[in-house]
Amino acid sequence: MEKKIFIKTFGCQMNEYDSNRIYDSVKSIGFIKTDDQKNADCVVLNTCHIRDKSKEKVYHEIGRVKKNYKQKHKPIVVVAGCVAQAENQEMLKREPYIDIVIGPQSYHKINELIKKFEPHRQEEETEFDTISKFEYFDVIKNKTNKISSFLTIQEGCDKFCHFCVVPFTRGPEYSRPFKKILYEAETLIKNGTKEITLLGQNVNAYSFFENSKEYRISNLINELAKYSELKRIRYTTSHPRDMTDDLIDCYANNKKLMPFVHLPIQSGSNKILKLMNRKHTVEEYINTCEKIKKINAKVEFSSDFIISYPGETSDDFNDTLSLIKKIKFINSYSFIFSPRPGTKAAGLNMIDKEISKERLNEIQKKLFDHQKNKNKSFEGEIVEVLVENKIKNQPKLFGRNKFNNSVIFSGNNNDIGKIIKVKIKSTNQNTLFGEAA
Ligand code: SAM
Ligand code: SF4
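Numbered according to numbering that gives the first Met the number 0, the sequence shown terminates at residue 436, and the numbering increases by one at each position without gaps.
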């Protein structure tokens, strides 16, 4: 009889991609996906370690699972992802309810670990075995059948920004073979995908050599654009230093590459960027944005900001505000610096909590005001929307415009999977509302 597996995904799109691939893998050992955590034979928590409280969130979630299964047979409990990688043995000691801890570069071993599961015998697998992982998944068909799908092309990071845990949890940079990525893209397209978002912690650092030829993300984008059924291409997250001219040129020539770049800068102060070990300056960042705009004036940007990095003075913070004024980001994420164990910035003197909160409020007000105004500028306009799905319990459809804004509108269910024109009637900070034009 088929067994049920439930995966709760925390964090970024890369974890979402990984969770889907875990579902694809465990199918061959008789597990099918369920959305009901309370009736699963196996519960996987796919965790994120990027900011603090992530570890506690995992223990809370396990508490919830325990409560749900109080009177019932206990499911196999798996902690996967970056918290698993960072905490491994500690987690098993602290929480005997956990059966398996598995790091993000060991997912190819998940079937074996589940198969050999025995009650009260905890297992841990946190090797950095990225090549074997992708070789394993290359032969397992990606079953995702969404209109908009993620496709991981690169993992890990060699940049070691002083605040960031990624090089420790995802390991060194690895780029998947060019042809394997295209093969997976073809599978997704056959499954009905119309938009692919290429993923990587440093997606634009993608570099794969074959017969002494280097393949970069620009080659992938141009190759993907040749598939007629594929309508849109995006990528995330990119690093400013890897925004090379070949990639910038795609914005001139490639009609399927969407005119929206998520390009995190973290701070508008060169002093802070240096302390963070970001390896780029504010001027270089602005220069890159200007180059892209010159090649395609329609392109819009978004960014990530870390507020109150140790050493950030009010002048440094004001530099970040000035940058926001200059580059009118249409959507951004901002976080107060969170010390991560094992990183260089972990032991540095923290900025007062109240000051940090004030700074975060101030920057978010400016970012969100701009975001709202930008969205308002769409009111009365007709935008092109790739229709992704029907909204549950509502006679409405959901899709995204070119700039990745969510659009909710009245339309025809037959339009799912198509790019259609939508007239925007009203907007708020995060969403555009309208009707099919
Ligand atoms: N590779 C991307 C880059 O270099 O721009 C960023 C990827 S990181 C997984 C996602 C975002 O999390 C970062 O851009 C940063 O703003 C935020 N972040 C990472 N570490 C953080 C920390 N210790 N405290 C607060 N925010 C953090
Ligand atoms: Fe983390 Fe991005 Fe810096 Fe790499 S480049 S260490 S993923 S913030």
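Ideal placement from N, C-alpha and C gives every residue a C-beta, glycine not left out.
- Sequence-distant partners of Asn67 (beyond 5 residues in either direction) whose C-beta falls short of 7 Å from its own C-beta, in its chain, are Gln36, Lys37.
- Scanning the region 311–347 for uninterrupted alpha helix (DSSP H) segments of 4 residues or longer gives 313–325, listed from N- to C-terminal end.
- Taking every protein chain shown into account, the CB of Ile101 has 16 or more other CB atoms within 10 angstroms, so this residue is buried.
- Around the Cβ of Asp315, a 10 Å sphere holds 16 or more other Cβ atoms; the residue is buried.
- Lys158 is a Cβ neighbour of Asn201, given a cutoff of 8 Å.
- In this structure, the straight-line span from the alpha carbon of Arg339 to that of Met275 is close to 13 Å.
- Exclusion of Asp315 from the 7 Å shell around the ligand SAM follows from its C-beta lying no nearer than that to any non-hydrogen atom of the ligand.
- For Arg339, the CB falls within less than 7 Å of some heavy atom of the ligand SAM.
- Here Gln104 carries a coil assignment [DSSP, helix/strand/coil].
- In the DSSP annotation of this structure, the continuous segment of the beta strand (DSSP E) that includes Ala435 starts and ends at 430–435.
- Of the heavy atoms belonging to the ligand SAM, none sits nearer than 7 Å to the Cβ of Thr143.
- Along the region 119–159, the beta strand (DSSP E) occurs as fully enclosed runs of 3 or more residues at 122–124, 147–151, listed in sequence order.
- Ile49 has its Cβ nearer than 7 Å to a heavy atom of the ligand SAM.
- Counting along the chain, Ile97 sits inside no beta strand (DSSP E), nor does DSSP assign it H or E at all.
- Secondary structure in the region 190–245: the alpha helix (DSSP H) runs of 4 residues or longer, each lying completely within the stretch, are 216–223 in chain order.
- Out of Phe149, Leu198, Val384, Asn210, the CA that lies nearest to the CA of Ser237 is found in Leu198.
- According to the DSSP assignment, Val384 belongs to the beta strand (DSSP E) that extends over 381–389.
- Excluding the 5 residues flanking it on each side, Ile381 has same chain C-beta neighbours closer than 8 Å at Lys420, Val421, Lys422, Ile423, Ala436, in chain order.
- Where Ser409 is concerned, the enclosing beta strand (DSSP E) starts and stops at 405–409.
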